[in-house]
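In the working numbering, each residue's number is its place in the sequence shown (first place is 1) plus 593. We put the CB at the ideal spot given by N, CA and C, even for glycine. What follows is a set of notes on a single structure, which appears directly below.
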Amino acid sequence: MEKFVLGAKRPLIISGPCSAETREQTLDTCVRLAATGVVDVLRAGIWKPRTQPGSFEGVGLKGLAWMAEAKRLTGLPFGVEVATRKHVESALEFGADVLWIGARTTVSPFAVQEVADAVRGVDTTILIKNPMNPDINLWAGAVTRFLNAGIPAERIGLIHRGFSYFGHSKYRNPPMWHMILEMRSRFPEMMMICDPSHICGCRDYLLEISQTAADLRYDGLIIESHICPDKAWSDAAQQLVPDDLEALVRRINWRKDATDDPAFKQSLELYRREIDQIDAELFELLSRRMKISEKIGRVKKENNVAILQSSRWGSIRDRVLSQSEQLDLSKDFLKVVLEAIHLESINRQNQVMNSEQ
């Protein structure tokens with residue numbers, strides 16, 4: 594079997610059970626996934642960090658033996674999540690081709706550094722999931738630790754699995770696509786793989802998220818599959834049977850990057866000029882809004898009134914969100930924009946009220 598090379602195939606499809614549970618379940622799932630012809634790398638959870646103790650936390654080393662057997666049977670490489678030096682050593686001993694860092698590990702620089710030290714000098718592939726909280730610097734810091742450990746950038750990939758969110762969302766972990774744009778600008782040479790399973794938390798939106806990822810030029814997907822999802826020992830609602838996984842992957846339209854068609858280029862240029870003009874006007878309006886916020890800050894300072902006026906902010910938010918349908922803009926988008934404007938306005942008023950003038 595040839596050595597796995599990250600980036601050799603786009604899109605890269607990684608699939609397998611959330612957890613290796615039994616030898617039969619693991620091998621059956623992996624063999625059936627290989628038979629679909631759409632899976633490039635097998636995966637399975639071996640050690641499962643759970644939010645609450647006492648729930649199923651993985652089968653451990655025997656699961657690695659099953660994945661090694663699946664690799665021999667199918668000829669496909671396999672990957673596992675690791676969180677400690679011992680995990681790394683065990684996974685490599687059983688022939689794991691890909692190691693990934695989970696969201697709960699990425700949040701801890703100590704844990705990331707331990708894994709980075711463990712793979713120093715090892716010729717392996719590392720995938721790094723975003724941290725659970727929306728902190729790009731934390732994610733970028735994890736990448737830097739592996740670069741500093743001598744892992745070449747071409748052997749490091751990024752996994753977008755959504756972010757924890759204190760609010761209502763139809764997704765288990767809202768994708769916050771704008772965060773990914775920032776991460777890709779920092780590491781443009783690294784593959785970005787989407788994890789619809791953990792973003793959605795259920796099967797209902799897997800295709801929707803997968804297609805969005807394809808439209809945003811992601812380099813692949815990691816989607817969980819199980820021979821009998823409803824009886825899975827972990828994350829049952831988000832897993833697909835292998836046949837449904839195949840159907841989903843084949844429905845995704847991985848569009849080409851560009852075309853030489855003159856009509857396309859002309860239309861695109863016209864629309865981009867229109868957007869540039871709207872952007873110029875939009876940011877001019879935002880600049881004017883912030884100047885008014887500064888004036889409000891001076892009035893509050895003269896009258897010794899606190900910056901934050903909760904009732905006023907609540908009325909602005911409710912008014913704008915109530916126009917979501919009329920504006921044809923999602924409430925999630927409006928919330929992000931409003932919160933950014935509100936934060937900048939508070940910062941401007943804070944500068945005014947705490948200046949010596």
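Each of Asn730, Thr677 and Thr717 was checked against the Cα of Val705, and the nearest Cα belongs to Thr677. Gly907: not part of any beta strand (DSSP E); member of the alpha helix (DSSP H) spanning Ser903 to Ser915, first to last residue.
The beta carbon of Thr718 sits closer than 6 angstroms to the beta carbons of Leu599, Val691 and Arg748 from its chain, once the five residues preceding and following it are set aside; these are given in chain order. Where Lys722 is concerned, the enclosing beta strand (DSSP E) starts and stops at Thr718 to Lys722. In the DSSP assignment, Arg848 falls outside any alpha helix (DSSP H) and carries neither an H nor an E. When DSSP states are grouped into helix, strand and coil, Ser827 belongs to the coil group. DSSP places His680 in the helix class (H, G or I) of the three-state scheme. Beta-bridge annotation (DSSP): Phe671 is paired with Leu635. The region 836-849 makes no contact with the region 866-879, as fewer than three CB pairs between them are under 8 angstroms. Taking a C-beta distance under 9 angstroms as the contact criterion, Ala709 and Phe739 qualify as a contact pair. Per DSSP, the unbroken alpha helix (DSSP H) holding Gly890 starts and ends at Pro855 to Glu895. The three-state reading of DSSP puts His761 in coil, since its state is none of H, G, I, E or B. Beta bridge pairing from DSSP links Trp693 with Glu674 and Leu720. Contact annotation: Ala628 and Met660 have beta-carbon atoms that are not nearer than 9 angstroms. Nearest to Pro781 by C-alpha distance, out of Lys763, Pro768 and Ala746, is Ala746. Distance from the CA of Thr699 to the CA of Leu800, rounded to the nearest whole angstrom, comes to 27 angstroms. Contact between Ile939 and Ile900 holds, since their C-beta atoms are separated by about 6 angstroms, short of 8 angstroms.
Rounded to whole angstroms, the Cβ separation of Ile607 and Val631 is 11 angstroms, and the two are not in contact under 8 angstroms.
Around the Cβ of Val930, a 10 Å sphere holds fewer than 16 other Cβ atoms; the residue is exposed. If you draw a straight line from the Cα of Gln618 to the Cα of Cys793, it comes to about 24 angstroms. Taking all protein chains in view, the Cβ of Leu936 is surrounded by fewer than 16 other Cβ atoms within 10 Å, so the residue is classified as exposed. Within 10 angstroms of the beta-carbon of Ala601 lie fewer than 16 other beta-carbons, which makes it exposed. For Ser790, the three-state secondary structure derived from DSSP is helix. Per the C-alpha coordinates, the member of Ala825, Gln831, Ala658 and Arg713 positioned closest to Ile802 is Gln831.
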